[in-house]
Amino acid sequence: MTSKQKEIFLKKRYRAENRFKFFGIFSITLAVSFLGILLFNIFSSGLSAFFKTKILLKINFDEKKLGININTSEKEIKASNFNEILQEALLNLDLLTPELKKIELIDIVSVDATYELKRFYLKHKDQLNKMIEVSLTLSDDLDQLHKGNFPRDIPEDRRRFSDFQLKVFDEQNAQNKIITEFNFSFFTNADSRDPELAGIGSSLMGSLLTLLVCLILSFPIGILAAIYLEEFAPKNKITEIIEINVNNLAAVPSIVFGLLGLGIFLNYFYLPRSTPLVGGLVLALMTLPRIIIPCRAALKAVPPSIREGALALGASKVQTVMHNVVPLAMPGTLSGTIIGLSQALGETAPLILIGMVAFINVVPFYPIDPSAVLPVQVYLWSESAERGFVEKTSATIIILIFFLAFMNSFAIYLRNKFERKWS
Amino acid sequence: MINEKIKISTKNLNVFYGSKQALFDISINLVQNKVTALIGPSGCGKSTFIRCLNRMNDVIDICKVEGSIKIDGDEINKKDLDVNLIREKVGMVFQKPNPFPKSIYDNIAYGPRIHGLAENREDLDNIVEHSLKKAALWDEVKDRLTQPGTGLSGGQQQRLCIARTISINPDVILMDEPCSALDPIATAKIEELIDELKEIYTIVIVTHSMSQAARVSQDTGFFHLGKILEFNSTEKIFKNPDNKLTQDYITGRFG
Chain L
2 MTSKQKEIFL KKRYRAENRF KFFGIFSITL AVSFLGILLF NIFSSGLSAF
52 FKTKILLKIN FDEKKLGINI NTSEKEIKAS NFNEILQEAL LNLDLLTPEL
102 KKIELIDIVS VDATYELKRF YLKHKDQLNK MIEVSLTLSD DLDQLHKGNF
152 PRDIPEDRRR FSDFQLKVFD EQNAQNKIIT EFNFSFFTNA DSRDPELAGI
202 GSSLMGSLLT LLVCLILSFP IGILAAIYLE EFAPKNKITE IIEINVNNLA
252 AVPSIVFGLL GLGIFLNYFY LPRSTPLVGG LVLALMTLPR IIIPCRAALK
302 AVPPSIREGA LALGASKVQT VMHNVVPLAM PGTLSGTIIG LSQALGETAP
352 LILIGMVAFI NVVPFYPIDP SAVLPVQVYL WSESAERGFV EKTSATIIIL
402 IFFLAFMNSF AIYLRNKFER KWS
Chain W
177 MINEKIKIST KNLNVFYGSK QALFDISINL VQNKVTALIG PSGCGKSTFI
227 RCLNRMNDVI DICKVEGSIK IDGDEINKKD LDVNLIREKV GMVFQKPNPF
277 PKSIYDNIAY GPRIHGLAEN REDLDNIVEH SLKKAALWDE VKDRLTQPGT
327 GLSGGQQQRL CIARTISINP DVILMDEPCS ALDPIATAKI EELIDELKEI
377 YTIVIVTHSM SQAARVSQDT GFFHLGKILE FNSTEKIFKN PDNKLTQDYI
427 TGRFG
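If you read the protein sequences in the order shown, they are chains L and W.
The first sequence lines up with residues 2 to 424 when you count with this note's numbering.
The second sequence lines up with residues 177 to 431 when you count with this note's numbering.
Have a look at this one:
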């Protein structure tokens with residue numbers, strides 16, 4: 002090859018390398034920008050759900066209208082009606098309200114407002130017979146209007162609040178009576194038909210309980226199965242078939258596990274429907290192969306010299322595996338488990354089949370209480386007509402993404418920590 | 177020499193890996209408190225042979241060992257024998273240093289712990305110190321016993337493995353090319369150590385280095401293609417071997 006040819010050859014090689022580099026960077030940029038668009042979309046429409054709009058109302062806790070006095074027990078207070086003083090305060094916002102519009106005026110606050118008043122009074126009993134300003138949740142339509150999620154310039158018959166309500170709202174806003182607060186109830190409330198009251202309390206607890214059941218079942222079973230298959234089982238046809246099946250199970254669509262759960266846990270064993278117990282069982286079945294496979298890989302990666310060293314010292318097979326091999330395989334196993342669990346956390350289809358798609362308006366506490374889970378909550382709210390649920394849907398996705406990111410970073414942390422320690 | 181006691185004797189030892197025969201009719205006697213070197217070209221069966229002596233070949237599914245291996249006159253190549261007891265008596269040091277991913281202390285304490293050799297913490301501390309001293313490692317590591325054994329240098333790791341083997345007080349120490357992964361200085365240290373250890377233990381060492389065999393051993397066996405061609409005192413083998421092939425191998429003409 003002459004030096005001229007050599008030069009052409011080299012140039013060609015450089016060009017190929019640059020081309021490869023360009024395609025690589027192009028693909029990464031594309032992927033990152035799609036992710037960026039997705040996150041921007043979710044965050045921009047979801048962040049407002051973490052705040053709620055309230056109105057400051059002057060309330061007169063009149064003992065005659067409430068039918069209580071300073072000595073009334075808590076139970077009786079809870080049973081008494083706070084509606085009258087609430088309506089009185091609302092009607093006072095505009096004393097010239099025509100009779101027909103009064104109902105519209107009363108509707109500017111949430112249906113929960115009367116209970117909010119009751120809760121306020123229970124904390125401030127000294128306010129009896131006094132006039133005090135209380136912040137009450139606005140109806141979801143005005144909440145959305147205030148957050149700018151709903152345009153104010155469309156015709157009255159095409160929006161869910163009237164011109165009269167809009168006028169009152171604007172007046173109050175001008176007097177700084179409309180305030181924005183952090184939406185704690187979004188985290189503590191269960192689902193509701195009223196968007197301003199709906200929260201992820203039920204689905205958050207449901208997800209945690211479901212994952213707990215899933216972890217308790219799948220982690221020990223998965224690890225023991227992996228250790229036995231990898232270290233003790235004789236290598237024959239049966240173990241080969243088991244191995245192939247485990248690998249196949251990891252690829253089975255999750256909805257199939259849902260059908261299995263429906264057929265076996267609900268219809269055969271009559272376990273309670275819509276509960277984290279059954280959800281956890283189904284997800285455990287799904288997660289098992291996803292724990293067994295990384296655990297076996299981690300065991301396989303332990304150098305044989307470690308096993309030989311222990312065996313040569315007269316350690317039994319079980320001692321060798323439990324004292325020396327398993328601890329080395331733990332980081333890989335743990336990160337595999339966490340990633341399996343984070344997949345389970347995001348699973349929707351199998352849980353819908355076992356009835357976790359039901360409308361649950363109480364926060365569950367035990368694995369046998371009916372409950373929803375976060376991804377199913379997203380699915381439920383995304384179907385709802387009210388505009389207030391749009392931001393809730395995105396906010397739930399934000400929470401879900403937060404948990405997934407947290408779990409995955411914990412997996413990476415574990416892996417790095419233990420790897421650094423022993424190599 | 178009349179007062180020589182035979183520690184290990186093999187008779188008609190045949191080893192198969194599946195259908196392939198790796199050792200053919202090995203019948204040799206290894207003498208107590210001597211260092212026996214096994215030399216020969218790669219793949220000649222030296223390692224297979226010493227792995228028979230502590231039944232490490234049991235780990236390999238397809239490996240079949242036939243014939244008689246006696247340690248102190250007791251047959252060890254029989255099915256119903258607890259291999260863990262043999263391995264307690266016959267320790268082994270491997271080609272690549274393989275400390276456990278534990279602290280230096282726990283590396284040594286592991287053997288005594290699983291065999292219940294120490295009654296209390298003090299006993300265990302003594303065993304660890306004693307073993308490390310015998311392996312000539314104590315002075316280098318006494319201040320960092322809690323640090324991982326994997327953090328030591330290659331030569332130190334190998335001495336740690338020797339200390340680990342000593343910790344359960346075996347009769348025999350098998351060494352499978354213990355210096356092949358080490359630099360010359362670390363090698364010299366280990367050879368020196370072997371020389372001291374033979375006072376207490378019977379040592380069998382597989383080596384590729386002729387000079388090492390000549391330096392450390394009293395007896396030498398020359399393996400070739402799964403057969404033992406010559407087994408004699410080291411002096412005889414290196415000065416005046418009976419076999420032409422042995423002569424060629426030790427002078428570097430083949431292998």
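Don't be surprised by glycine CBs; every beta carbon is placed ideally from N, CA and C.
Do the stretch 337-347 of chain W and the stretch 266-286 of chain W make contact, defined as three or more Cβ pairs closer than 8 angstroms?
Touching, yes.
In the DSSP assignment, what residue or residues form a beta bridge with residue 180 (chain L)?
Against the first sequence, residue 180 (chain L) aligns to sequence position 179. Its beta-bridge partners are L:55.
May I have the straight-line CA-CA distance separating residue 295 (chain W) from residue 328 (chain W), to the nearest angstrom?
Along the second sequence, one-based indexing puts residue 295 (chain W) at 119. Along the second sequence, one-based indexing puts residue 328 (chain W) at 152. When rounded, the distance between both Cα atoms is 29 angstroms.
Span of the alpha helix (DSSP H) around residue 340 (chain L)
As a position in the first sequence, residue 340 (chain L) is number 339, starting the count at 1. First-last of the alpha helix (DSSP H) with residue 340 (chain L): 327-346.
In chain order, which alpha helix (DSSP H) runs of at least 4 residues are fully inside the stretch 335-380 of chain W?
Listed in chain order, the complete alpha helix (DSSP H) runs (minimum 4 residues) inside the stretch 335-380 of chain W are 360-373.
Nearest candidate by alpha-carbon position, reference residue 290 (chain L), set L:90, L:86, L:264, L:345
For the purposes of this step, residue 290 (chain L) is taken as the residue at position 289 of the first sequence. Checking every option, the nearest Cα to that of residue 290 (chain L) belongs to L:345.
Alpha carbon to alpha carbon, what distance is there between residue 191 (chain W) and residue 273 (chain W)?
Taking the second sequence and counting its residues from 1, the one referred to as residue 273 (chain W) is at position 97. Taking the second sequence and counting its residues from 1, the one referred to as residue 191 (chain W) is at position 15. Approximately 26 angstroms between the Cα atoms of the pair.
Give every residue of the same chain whose Cβ lies closer than 8 angstroms to the Cβ of residue 148 (chain L), excluding the five residues on either side of it in the sequence, and list them in chain order.
As a first step, residue 148 (chain L) must be located in the first sequence, where it is residue number 147. Result list for residue 148 (chain L): 49, 52, 54, 392, in chain order.
Smallest Cα separation from residue 69 (chain L): which of L:58, L:294, L:81?
Against the first sequence, residue 69 (chain L) aligns to sequence position 68. The candidate whose alpha carbon is nearest that of residue 69 (chain L) is L:81.
Neighbour flag for residue 292 (chain W) against chain L, beta carbons, 8 angstroms
For the purposes of this step, residue 292 (chain W) is taken as residue 116 along the second sequence, with counting starting at 1. At a cut-off of 8 angstroms between beta-carbon atoms, residue 292 (chain W) makes no contact with chain L.
Does the structure place the stretch 237-249 of chain L close enough to the stretch 396-413 of chain L that three or more beta carbon pairs sit under 8 angstroms?
No, the stretch 396-413 of chain L is not in contact with the stretch 237-249 of chain L.
Between residue 115 (chain L) and residue 78 (chain L), what straight-line distance do the alpha-carbon atoms span, to the nearest angstrom?
Taking the first residue of the first sequence as 1, we reach residue 115 (chain L) at position 114. Taking the first residue of the first sequence as 1, we reach residue 78 (chain L) at position 77. Those two C-alpha atoms are separated by around 12 angstroms.
Could you spell out the range, first to last residue, of the beta strand (DSSP E) harbouring residue 196 (chain W)?
As a working mapping, residue 196 (chain W) is identified with position 20 in the second sequence. Unbroken beta strand (DSSP E) run through residue 196 (chain W): 196-202.
Can you pull the chain W residues whose beta carbon is under 7 angstroms from the beta carbon of residue 213 (chain L), in chain order?
To locate residue 213 (chain L), count along the first sequence from 1; it is residue 212. Neighbours of residue 213 (chain L) on chain W: none; closest Cβ ~31 angstroms, over 7 angstroms.
What's the call for residue 140 (chain L), buried or exposed, on a 16-neighbour Cβ count within 10 Å?
By 1-based counting over the first sequence, the position of residue 140 (chain L) is 139. Label assigned to residue 140 (chain L): buried.
Taking DSSP as the reference, what is the three-state secondary structure of residue 409 (chain W)?
Sequence index remark: in the second sequence, residue 409 (chain W) carries index 233 (1-based). Three-state result, residue 409 (chain W): strand.
Straight-line Cα distance separating residue 317 (chain L) from residue 417 (chain W):
Looking up residue 417 (chain W) in the second sequence gives position 241. Looking up residue 317 (chain L) in the first sequence gives position 316. The straight-line gap from Cα to Cα measures roughly 43 angstroms.
Which residues does DSSP pair with residue 244 (chain W) in a beta bridge?
As a first step, residue 244 (chain W) is located in the second sequence; it is residue number 68 there, counting from the start. According to DSSP, residue 244 (chain W) bridges with W:187.
From the DSSP output, in three-state form, read off residue 205 (chain W) for me.
The count along the second sequence starts at 1 and reaches residue 205 (chain W) at position 29. If DSSP states are grouped into helix, strand and coil, residue 205 (chain W) belongs with the strands.
Would you kindly work out how many angstroms separate the C-alpha atoms of residue 353 (chain L) and residue 333 (chain L), rounded to a whole number?
Counted from its first residue, the first sequence places residue 353 (chain L) at position 352. Counted from its first residue, the first sequence places residue 333 (chain L) at position 332. Their backbone Cα atoms lie some 32 angstroms apart in a straight line.
How many Å lie between residue 320 (chain W) and residue 278 (chain W) at the Cα?
Locating residue 320 (chain W) in the second sequence gives position 144, counting from the first residue. Locating residue 278 (chain W) in the second sequence gives position 102, counting from the first residue. Take the alpha-carbon of residue 320 (chain W) and the one of residue 278 (chain W): they are about 13 angstroms apart.
In the DSSP assignment, find the unbroken alpha helix (DSSP H) run with residue 203 (chain L) in it and report its ends.
For the purposes of this step, residue 203 (chain L) is identified with residue 202 of the first sequence, where counting begins at 1. First-last of the alpha helix (DSSP H) with residue 203 (chain L): 202-228.
Counting only runs that start and end within the stretch 66-119 of chain L, where is the alpha helix (DSSP H) found for 4 or more residues in a row?
Runs of the alpha helix (DSSP H) lying entirely within the stretch 66-119 of chain L, each at least 4 residues long, are 75-80, 84-92, 103-107 in chain order.
Does DSSP put residue 409 (chain L) in a helix, a strand or coil?
Translated into positions along the first sequence, residue 409 (chain L) becomes position 408. The answer is helix: DSSP assigns residue 409 (chain L) an H, G or I state.
Would you say residue 253 (chain W) reaches chain L, if we count a Cβ-Cβ gap shorter than 8 angstroms as a contact?
Residue mapping note: residue 253 (chain W) aligns to position 77 of the second sequence, counting from 1. Cβ-Cβ to chain L under 8 angstroms: no for residue 253 (chain W).
Taking only beta-carbon atoms, is residue 320 (chain L) less than 8 angstroms away from chain W?
Locating residue 320 (chain L) in the first sequence gives position 319, counting from the first residue. Yes, its Cβ sits closer than 8 angstroms to a Cβ of chain W.
Rounded to a whole number of angstroms, what is the C-alpha to C-alpha distance between residue 275 (chain L) and residue 358 (chain L)?
The sequence position of residue 275 (chain L) within the first sequence is 274, counting from 1. The sequence position of residue 358 (chain L) within the first sequence is 357, counting from 1. Their backbone Cα atoms lie some 7 angstroms apart in a straight line.
Partners in chain W for residue 117 (chain L), counting only beta-carbon separations shorter than 7 angstroms:
Taking the first residue of the first sequence as position 1, residue 117 (chain L) is located at position 116. Those within 7 angstroms of residue 117 (chain L) in chain W number zero; the least Cβ separation is about 59 angstroms.
Would you call the stretch 291-303 of chain L and the stretch 221-230 of chain L in contact, with 3 or more CB pairs under 8 angstroms?
Taking 8 angstroms as the limit for Cβ pairs, the verdict is that the stretch 221-230 of chain L does touch the stretch 291-303 of chain L.
Quick one: using the 10 Å Cβ neighbour count with 16 as the cut-off for buried, is residue 14 (chain L) buried or exposed?
Locating residue 14 (chain L) in the first sequence gives position 13, counting from the first residue. By the beta-carbon neighbour count (other beta carbons within 10 angstroms, threshold 16), residue 14 (chain L) is exposed.
Exposure of residue 386 (chain L), with buried meaning 16 or more beta-carbon neighbours within 10 Å
As a working mapping, residue 386 (chain L) is identified with position 385 in the first sequence. Per the 10 Å Cβ criterion, exposed.
Touching or not, the stretch 57-66 of chain L and the stretch 83-98 of chain L, by the rule of three or more beta carbon pairs under 8 angstroms?
Judged by Cβ distances under 8 angstroms, the stretch 57-66 of chain L makes contact with the stretch 83-98 of chain L, as three or more pairs qualify.
Helix, strand or coil: how does DSSP classify residue 252 (chain W) here?
Taking the second sequence and counting its residues from 1, the one referred to as residue 252 (chain W) is at position 76. Coil.
Rounded to whole angstroms, how far is the Cβ of residue 232 (chain W) from the Cβ of residue 313 (chain L), which I believe are closer than 8 angstroms?
If you number the second sequence from 1, residue 232 (chain W) lands on position 56. If you number the first sequence from 1, residue 313 (chain L) lands on position 312. About 6 angstroms separates the two Cβ atoms, so the contact holds.
Within the 8 angstroms Cβ cut-off, does residue 181 (chain W) reach chain L?
Within the second sequence, the letter at position 5 stands for residue 181 (chain W). No, no contact with chain L.
Classify residue 404 (chain W) as helix, strand or coil using the three-state DSSP reduction.
Taking the first residue of the second sequence as 1, we reach residue 404 (chain W) at position 228. If DSSP states are grouped into helix, strand and coil, residue 404 (chain W) belongs with the strands.
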